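First up is the structure itself, then whatever we jot down about it.
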Amino acid sequence: MKSVVIEQPGKLTIAERPLPQPAAGEVRVKVTGASICGSDVHIWHGHNPFARYPRVIGHEFFGVIDAVGDGVDAARLGQRVAVDPVISCGSCYPCSVGRPNVCATLQVIGVHRDGGFSDYALAPARNAWPLPDTIPDRLASLIEPFTIAANITAFLQPRPDDIALIYGAGPMGLTAVQVLKGVYGVKSVMVVDRLPERLALAAQSGADQCFDNGEIPLAEQLSGVQPTLIIDAACHPAILTEAAALASPAGRIGLLGFSGEPCTITQQSLTSKELSLFTSRLNSNRFPQVIDWLEQGLLQPEKLVTHAFPLRDVERAMTLFEKDPRTCCKVILQMD
Ligand code: NAI
Ligand code: MN
Numbered sequence: 001m002k003s004v005v006i007e008q009p010g011k012l013t014i015a016e017r018p019l020p021q022p023a024a025g026e027v028r029v030k031v032t033g034a035s036i037c038g039s040d041v042h043i044w045h046g047h048n049p050f051a052r053y054p055r056v057i058g059h060e061f062f063g064v065i066d067a068v069g070d071g072v073d074a075a076r077l078g079q080r081v082a083v084d085p086v087i088s089c090g091s092c093y094p095c096s097v098g099r100p101n102v103c104a105t106l107q108v109i110g111v112h113r114d115g116g117f118s119d120y121a122l123a124p125a126r127n128a129w130p131l132p133d134t135i136p137d138r139l140a141s142l143i144e145p146f147t148i149a150a151n152i153t154a155f156l157q158p159r160p161d162d163i164a165l166i167y168g169a170g171p172m173g174l175t176a177v178q179v180l181k182g183v184y185g186v187k188s189v190m191v192v193d194r195l196p197e198r199l200a201l202a203a204q205s206g207a208d209q210c211f212d213n214g215e216i217p218l219a220e221q222l223s224g225v226q227p228t229l230i231i232d233a234a235c236h237p238a239i240l241t242e243a244a245a246l247a248s249p250a251g252r253i254g255l256l257g258f259s260g261e262p263c264t265i266t267q268q269s270l271t272s273k274e275l276s277l278f279t280s281r282l283n284s285n286r287f288p289q290v291i292d293w294l295e296q297g298l299l300q301p302e303k304l305v306t307h308a309f310p311l312r313d314v315e316r317a318m319t320l321f322e323k324d325p326r327t328c329c330k331v332i333l334q335m336d
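Numbering (full-length UniProt numbering), first residue to last: 1 to 336.
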């Protein structure tokens, strides 16, 4: 089989690898499609502290189960499935409180173990979620990015009367816009980015107001409006300070970033307004929820997709994705 392997930081190859055999409790998925995420690019360039090399990348993928290991119901053969990349132990403290995404021995498919930019991939059977026919192949790999928005909004508990502000109109910001509008019915969703092309995508995904903070600071443009719910999906460390200053008293702020740089913030700016701060990593068993939202027609994943390439063009696809955020949002890889 063909697999996209990052042999070492900076070295991407399409390698011929032996067909993997599922271990007990695992399924093998014949991958149909996958999508590119910023973290795939980070592993390629050696910027992901968790990655070990060589690594088959890809954690947003789906396909058809074509082999099962011991203990897995053979009736699952032939099932169309989307794969949750979060592998957890099930018994540590975070797992025991329903937070397997921060399991003490967390493994992420495509990061800690081989992933889905490949003709075939292995996954624990319980990570392979059956897909209804109503979710077409070309959109099924987008379930995973929507689980990120599902996870952070589960903490933030959006209400229709919230005034929401989302930093960043990349894939993460756009999934958040769609979940706030389509699932929670938030009446006012504002998005800020510095790329007009990205803001246009935010408007298409349902944002009510878009702000370009490339030249004029956001605070000057908000004319005193105080957001009650803020999601940082741009993830520059300076944003938290600004978000706390802009937020309404009793507001909630959700953070998605992984920067190792410090950010400067006073206790007063948080406590005087009694702001709540939530962080969110990956997803805690949110695949069924997102599949259900898609079945109900509450989300429009197609609005994020700008490009599709065959797997053999992965390097071109990843380069375009990395270098050209003005024309690129989600890029899909199609297997033969
Ligand atoms: P992206 O890079 O495509 O989008 C970020 C957007 O933010 C860009 O459009 C950029 O122009 C904009 N931006 C940057 N600085 C800004 C600022 N100061 N003000 C306004 N807009 C600004 O990235 P993507 O894929 O949407 O991911 C966003 C972030 O989410 C990344 O930092 C990534 O590490 C993080 N992430 C976190 C996850 C989690 O589970 N916590 C999962 C996936 C991504
Ligand atoms: Mn991703």
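In this text, a Cβ means the ideal position worked out from N, Cα and C, and glycines have one as well. These figures come from a predicted structure and were not determined experimentally.
- When the beta-carbon positions are compared, K330 and P171 come within less than 8 Å of each other.
- At least one heavy atom of ligand 2 lies closer than 7 Å to the C-beta of P145.
- In this chain, the beta strand (DSSP E) harbouring A123 covers 120-124.
- In chain order, the residues that have a beta carbon nearer than 6 Å to some heavy atom of ligand 1 are G38, I148, Y167, G168, A169, G170, P171, M172, G173, V192, D193, R194, L195, R198, N213, A233, A234, C235, H236, I239, L256, G257, F258, S280, R281, L282, P325.
- Assigned with DSSP and collapsed to three states, A169 falls in coil, not helix or strand.
- Relative to ligand 2, H59 has its C-beta within less than 7 Å of a heavy atom.
- Around the beta-carbon of H47, fewer than 16 other beta-carbon atoms lie within 10 Å, marking it exposed.
- Taking a contact as a CB-CB distance under 8 Å, the pair L218 and F211 counts as one, their CB atoms being some 6 Å apart.
- Judged by their CB atoms, L156 and G254 are nearer to each other than the 8 Å cut-off.
- Uninterrupted beta strand (DSSP E) stretches at least 3 residues long and entirely within the UniProt domain "Alcohol dehydrogenase-like N-terminal" (24-133) occur at 26-35, 61-68, 80-83, 120-124, 128-130, given in chain order.
- Put simply, of Q204, L174, V192, P158 the residue whose alpha carbon is nearest the alpha carbon of G185 is P158.
- Taking 8 Å as the cut-off, the Cβ atoms of P145 and G110 do not count as close.
- Collapsing the DSSP output to three states places M318 in a helix.
- Look at G214 here: in three-state DSSP terms it is coil, with no helix or strand label.
- Beyond the five residues adjoining it in sequence on each side, T147 comes within less than 7 Å, by CB distance, of N283, R286, F287, V290 in the same chain, given in chain order.
- Annotation: D336 is outside any alpha helix (DSSP H) and is labelled neither H nor E by DSSP.
- Put simply, of T32, A82, V183, R28 the residue whose alpha carbon is nearest the alpha carbon of D70 is R28.
- The alpha-carbon of Q268 is positioned some 20 Å away from that of D232.
- Annotation for R281: no beta strand (DSSP E) segment contains it, and DSSP assigns it neither H nor E.
- For the UniProt domain "Alcohol dehydrogenase-like C-terminal" (171-295), the continuous alpha helix (DSSP H) assignments of 4+ residues that do not extend past its boundaries occur at 171-178, 196-204, 218-222, 239-246, 267-271, 287-295, in sequence order.
- 8 Å or more divides the Cβ of G168 from the Cβ of V31.
- Within the same chain, T241 come within 7 Å of T264 by CB-CB distance, once the 5 residues on both sides are set aside.
- The C-beta separation of L199 from V189 comes to about 13 Å, leaving the pair out of contact by the 8 Å criterion.
- In this structure, A317 lies away from I43, with their beta-carbon atoms at least 8 Å apart.
- In the same chain as P20, and ignoring 5 residues on each side of it, the C-beta atoms closer than 7 Å to its own belong to R28, Y120, L122, in chain order.
- The beta carbon of R326 sits closer than 7 Å to the beta carbons of L195, E197 from its chain, once the five residues preceding and following it are set aside; these are given in chain order.
- R312 and I6 have their C-alpha atoms some 14 Å from each other.
- For T327, the three-state secondary structure derived from DSSP is coil.
- For L139, the enclosing alpha helix (DSSP H) covers residues 137-140.
- For P9, no beta strand (DSSP E) segment is defined, and its DSSP state is neither H nor E.
- Proximity to H59 across V72, P49, I87, Y53 peaks at I87, based on C-alpha coordinates.
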